[in-house]
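Asker: Going from the sequence shown to our numbering is simple: count from 1 and add 175. Glycine is no exception: its CB is placed at the ideal position from the N, C-alpha and C atoms. Model, not experiment: these values are computed from the prediction.
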Amino acid sequence: SAGAADQQRSDFGDVMGPEAQMRQVVLYFLDPHDAAAHRDEMMQLEQMKGADMRIMATSLGRAVRQASNLGAGLPTGQPVEALTGKFPPEGGTLRYKIVPPKRELFYAARCLGRERVGLFGRTAGADAAVMANSRRTVGEYIGGLRAEREDRIRTRRGREEDAADPRRRAHGHMEGSLGVPVFHCPGLKRRRGALKRSLNPAVRDDETPLFFSYEDLKEAWMAMRNGAKAADRKRMPVSPPGVEVFNLMDVVTSIDKEQWRSERRAQLRLSRRFGPVTKALSSVPVLGSAVARGGSGRDDAEAEGKGPSGLEKVTFVPSSRNVAYKDRITEKGNGKARIRPMKVWGREMM
Numbered sequence: 176s177a178g179a180a181d182q183q184r185s186d187f188g189d190v191m192g193p194e195a196q197m198r199q200v201v202l203y204f205l206d207p208h209d210a211a212a213h214r215d216e217m218m219q220l221e222q223m224k225g226a227d228m229r230i231m232a233t234s235l236g237r238a239v240r241q242a243s244n245l246g247a248g249l250p251t252g253q254p255v256e257a258l259t260g261k262f263p264p265e266g267g268t269l270r271y272k273i274v275p276p277k278r279e280l281f282y283a284a285r286c287l288g289r290e291r292v293g294l295f296g297r298t299a300g301a302d303a304a305v306m307a308n309s310r311r312t313v314g315e316y317i318g319g320l321r322a323e324r325e326d327r328i329r330t331r332r333g334r335e336e337d338a339a340d341p342r343r344r345a346h347g348h349m350e351g352s353l354g355v356p357v358f359h360c361p362g363l364k365r366r367r368g369a370l371k372r373s374l375n376p377a378v379r380d381d382e383t384p385l386f387f388s389y390e391d392l393k394e395a396w397m398a399m400r401n402g403a404k405a406a407d408r409k410r411m412p413v414s415p416p417g418v419e420v421f422n423l424m425d426v427v428t429s430i431d432k433e434q435w436r437s438e439r440r441a442q443l444r445l446s447r448r449f450g451p452v453t454k455a456l457s458s459v460p461v462l463g464s465a466v467a468r469g470g471s472g473r474d475d476a477e478a479e480g481k482g483p484s485g486l487e488k489v490t491f492v493p494s495s496r497n498v499a500y501k502d503r504i505t506e507k508g509n510g511k512a513r514i515r516p517m518k519v520w521g522r523e524m525m
């Protein structure tokens, strides 16, 4: 992903909300070409002439961690005001936002589950046609959907329509927003390495890949089809069948919940096995808080009532275009030596 600072009204401002259009934010682009287009637009501003604006690469984990801090954002390191004890109104905090790739949203419009990433057009072709426009046009379109949804929520008729529409009933919270699409093909699996399977028997099952790029998914399908036997190849279609799109944030949240359930199930098994000992130690003031690690009855029922969901097999496949771009800018650099000017006493010694 690529990051860029923005103090002006961005083309995706309507997507992010009108209250944050003029706020200083850092944008994490999941498509380097979107980042380059935004940088070129910023460089055309009069106050940005001569500025050293570069596209830098960072990890998706860092972007998600920073973007998950809502409200005022994260502090920048500037000192608080001496009289009020608050951060300065300008430059004291930064908001971080992830901009979904417009290229992949175009493909997501024609996949199953497009509502998960905020595409609620009447037809898949209509959503794809919108995503083929400029970023400003996409922002205005999504902003119109948000306003329409807010107006519909204010009326009782709108609430009844949402309840009757299965798409809005399940994914209505995404209407007026755009999610980060990841693609999944039911017939496409990823086999772990032989050494990893031999050393750890617990990872012998095939992985379920989620692709950040639809084109990479299609190439993986073609590679699997070309490597199959002749009889199996005839039964496999040329294009990957039943491609489904998911929202990255929904997947990450589900994985986090599944990890909690696994840990809680382990705790419940230990509490049943060592229940009498735990009960006796709970009366000791110092040890009571250490051994009493229980949750609510509802949480325990949720942890016990569900087995493995398959999320432990999920693996994310980064976009090959993004990886190639990152390697290219790392090798090229910016052609400028970032060396501070020599001190006066140093020039006098020469």
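Taking the straight line between their C-alpha atoms, what separation do you get for residue 207 and residue 274?
Answerer: Approximately 11 Å, taken between the alpha carbons.
Asker: Sort 322, 421, 230 by Cα distance to residue 386 and report the nearest one.
Answerer: The candidate whose alpha carbon is nearest that of residue 386 is 421.
Asker: Hey, quick one: how far does the beta strand (DSSP E) through residue 270 stretch, first residue to last?
Answerer: From DSSP, the beta strand (DSSP E) with residue 270 extends over 268 to 274.
Asker: To the nearest angstrom, how far is it from the Cα of residue 315 to the Cα of residue 413?
Answerer: Each residue's Cα considered, the two are about 37 Å apart.
Asker: What is the residue span of the beta strand (DSSP E) that residue 490 lies within?
Answerer: Here the beta strand (DSSP E) through residue 490 covers 489 to 492.
Asker: Compare the C-alpha of residue 247 against each of 237, 234, 261, 269 and name the closest.
Answerer: Taking only the C-alpha atoms, the option nearest residue 247 is 269.
Asker: From this set, 199, 381, 263, 493, which residue's C-alpha is nearest residue 388's C-alpha?
Answerer: Among 199, 381, 263, 493, the Cα nearest to that of residue 388 is on 493.
Asker: Among 318, 262, 283, 290, which one has its Cα closest to the Cα of residue 307?
Answerer: Out of 318, 262, 283, 290, 283 has the C-alpha closest to the C-alpha of residue 307.
Asker: Quick one: what does DSSP say residue 411 is sitting in, helix, strand or coil?
Answerer: Coil at residue 411, not helix or strand.
Asker: Would the stretch 211 to 218 and the stretch 239 to 246 be scored as touching if the rule is three or more Cβ pairs under 8 Å?
Answerer: No, the stretch 211 to 218 does not touch the stretch 239 to 246.
Asker: How long is the line joining the alpha carbons of residue 200 and residue 266, rounded to whole angstroms?
Answerer: Approximately 10 Å, taken between the alpha carbons.
Asker: Tell me whether residue 232 sits in a helix, a strand or coil according to DSSP, three-state version.
Answerer: It is a strand residue.
Asker: Name the two residues that bound the continuous beta strand (DSSP E) containing residue 200.
Answerer: That run of the beta strand (DSSP E) goes 200 to 204.
Asker: Can you tell me whether residue 209 is buried or exposed? The criterion is at least 16 other CB atoms within 10 Å of its CB, across all chains shown.
Answerer: Flag for residue 209 reads buried.
Asker: Closest to residue 236 by CA distance: which of 249, 203, 399 is it?
Answerer: The option with the nearest alpha carbon to residue 236 is 203.
Asker: Determine the direct distance from the alpha carbon of residue 291 to that of residue 384, and round the result to whole angstroms.
Answerer: When rounded, the distance between both Cα atoms is 18 Å.
Asker: Taking 8 Å as the threshold, find out whether the stretch 251 to 267 comes into contact with the stretch 226 to 235 through three or more Cβ pairs.
Answerer: No, the stretch 251 to 267 is not in contact with the stretch 226 to 235.
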